[in-house]
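Residue numbers (our numbering): 1333 to 1661. Here is the structure we will look at, set down as structure tokens.
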Amino acid sequence: MSIHRRRGWEIPESQATPEHLVLNRRALMAAAGAGAMLAPGAARAQFWRRGEPQDPWARLPADLPDLPAAMRNPRYRPERAISAEREPVTFNNFYEFGSDKGIWTLAQRMPMRPWTVKVDGMVEQPGEFDVDDLIRRIGLEERVYRLRCVEAWAMTVPWTGFELSKLLALVRPQGGARYVRFETAQVAPHMVGLRQSWYPWPHVEGCTIEEAANELAFMPVGLFGRPLPPQNGGPFRVVFPWKYGFKSGKSISRITLTDQRPKSFWETLQGSEYGFWANVNPEVPHPRWSQATERLIGSNERVPTRLFNGYGEFVAGLYTGLQNERLWA
Ligand code: MTE
């Protein structure tokens, strides 16, 4: 059997580099008068509108059981309108399925059950948990959180799920555990992006044990009261609403407690731009663009970005004494 390996220069730029890493180069070319090229924002918006169906939920995998009812927790006020349903479910970042925002149709084919998550490492009671058992044991609530992507777009999302701390209580972290590592499942052949071998798969993210124990750290299994669809990280993901969205790993199959700081997917790819902490800060620009404002997906309105994405009262205390760390990248 002969295998044809493409040489590096045969790979189109849009495949070789994550979209938000090439935007600046494209913008520069456009500014330099590169003919009919669209500005990056325009190209992106057009892409997802083109395939927009009447009902974005219509093609969810058949193996998704309904969620038990969950009450909205009024403690977490988003202070802006919830995004229209179609926005979070048809405009996604999920590189396991490809690097454009329109992967939702492709992701629909991923089987969602059975789904287990292994929790291991420095814990007293490691285990492999069935996601439906976890839902029954821990119970569900709804939280409306702001979501701020490092690419300077934003949404407001009603997640259904449970606090990460409640899952950690089941496995009882050992005293020496300092970090939590989140690993995304590699579901071949459905995750076609995994074939792009220049990415450091599996997708890994991490946080400190204190961040994981914070009341805001949340494990969604649902969205808009329905089961979390694959494109949003179903059946089981994590969200840290005070950090840039890339810290919130999707479709998680393994959680490991450790005394070593995990090196994340984006940090491995481009550590100078995407670091371990990645807390939202409007005053610290990304090396290639400002983070002062964000574009609300749907209305396209530009609004000011807030420190810790507006969640400072819950999380600012986590970072005292860490001024020498790169907290904002
Ligand atoms: N998790 C995995 N496994 N793979 C990814 O590509 N993208 C991240 C994050 N989690 C990503 C991921 C980024 S960059 C963002 S902004 C959010 O997921 C987007 O979540 P959403 O598509 O539900 O809005």
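Note that CB positions come from ideal geometry on N, CA and C, so glycine has one too. Quick caveat, the model's predicted, so the values are computed rather than measured.
- For Val-1647, no beta strand (DSSP E) segment is defined; the enclosing uninterrupted segment is the alpha helix (DSSP H) at 1644 to 1647.
- Positions of the beta strand (DSSP E) runs, each at least 3 residues long and wholly inside the segment 1463 to 1508, are given as 1473 to 1480, 1485 to 1495 in order along the chain.
- For Met-1454, the CB contacts under 7 Å within the same chain, skipping 5 residues up- and downstream, are Pro-1505, Gln-1506, Gly-1508, Ala-1509, Leu-1589, Thr-1590, Asp-1591 in chain order.
- Secondary structure note for Leu-1628: its beta strand (DSSP E) is the uninterrupted segment 1625 to 1628.
- In this structure, DSSP gives Asn-1611 an extended state, which the three-state scheme calls strand.
- Asp-1452 has its alpha-carbon roughly 10 Å from the corresponding atom of Leu-1500.
- Sequence-distant Cβ neighbours of Glu-1419 in its own chain, meaning closer than 7 Å and more than five residues away, are Met-1487, Ile-1629, Gly-1630.
- A residue is called buried once 16 or more other Cβ atoms fall within 10 Å of its Cβ, and Leu-1399 is buried on that count.
- Close CB contacts of Asn-1546 within its chain, under the 7 Å cut and outside five residues either way in sequence, are with Phe-1646, Val-1647, Leu-1650 (chain order).
- Taking one beta carbon from each stretch, the segment 1404 to 1417 and the segment 1431 to 1447 have fewer than 3 pairs nearer than 8 Å; the two do not touch.
- Taking a 10 Å sphere around the C-beta of Leu-1654, we find fewer than 16 other C-beta atoms and assign the residue as exposed.
- For Ile-1587, the enclosing beta strand (DSSP E) has its first and last residue at 1584 to 1590.
- In the DSSP assignment, Pro-1636 falls within the beta strand (DSSP E) that extends over 1634 to 1636.
- Non-local beta-carbon contacts of Tyr-1427 in its own chain, meaning distances under 6 Å to residues more than five positions away in sequence, involve Gly-1525 in chain order.
- Short note on Thr-1516: C-beta closer than 6 Å to some heavy atom of the ligand MTE.
- At a Cβ-Cβ threshold of 7 Å, Val-1503 and Gln-1457 count as neighbours.
- The residues Trp-1491, Thr-1492, Gly-1493, Leu-1560, Arg-1569, Val-1571, in chain order, have a CB closer than 7 Å to that of Pro-1552 in the same chain once the five nearest residues on each side in sequence are set aside.
- Judged by DSSP secondary structure, Leu-1555 falls outside any alpha helix (DSSP H) and instead within the beta strand (DSSP E) spanning 1550 to 1555.
- Glu-1515: member of the beta strand (DSSP E) spanning 1511 to 1516, first to last residue.
- Taking non-hydrogen atoms of the ligand MTE into account, the C-beta of Tyr-1427 is found less than 6 Å away from one of them.
- If you ignore the 5 residues before and after Asp-1462, its C-beta comes within less than 7 Å of the C-beta of Pro-1446, Thr-1448, all in its own chain and listed in chain order.
- For Val-1421, no beta strand (DSSP E) segment is defined; the enclosing uninterrupted segment is the alpha helix (DSSP H) at 1418 to 1422.
- Just so you know, the alpha carbons of Val-1635 and Arg-1627 end up roughly 7 Å apart.
- Taken from the Cβ of Phe-1572, every heavy atom of the ligand MTE lies 6 Å or farther away.
- Annotated as distal: Glu-1495 and Arg-1586, with beta-carbon spacing of 7 Å or more.
- Ile-1467 has its alpha-carbon roughly 10 Å from the corresponding atom of Glu-1473.
- In the DSSP assignment, Thr-1540 falls within the unbroken beta strand (DSSP E) covering 1536 to 1540.
- Less than 7 Å divides the Cβ of Trp-1609 from the Cβ of Leu-1659.
- With a threshold of 6 Å, the Cβ atom of Lys-1582 counts as near the ligand MTE, since some heavy atom of the ligand is closer than that.
- Between Pro-1562 and Pro-1393, the beta carbon gap of about 7 Å places them in contact (Cβ cut-off 8 Å).
- When DSSP states are grouped into helix, strand and coil, Trp-1621 belongs to the strand group.
- Bridge pairing for Pro-1559: Gly-1554 [DSSP].
- By the Cβ-count criterion, Ser-1583 is buried, with 16 or more other Cβ atoms from all chains shown falling within 10 Å of its own Cβ.
- When the Cα atoms are used, Arg-1404 and Gly-1557 turn out to be separated by approximately 10 Å.
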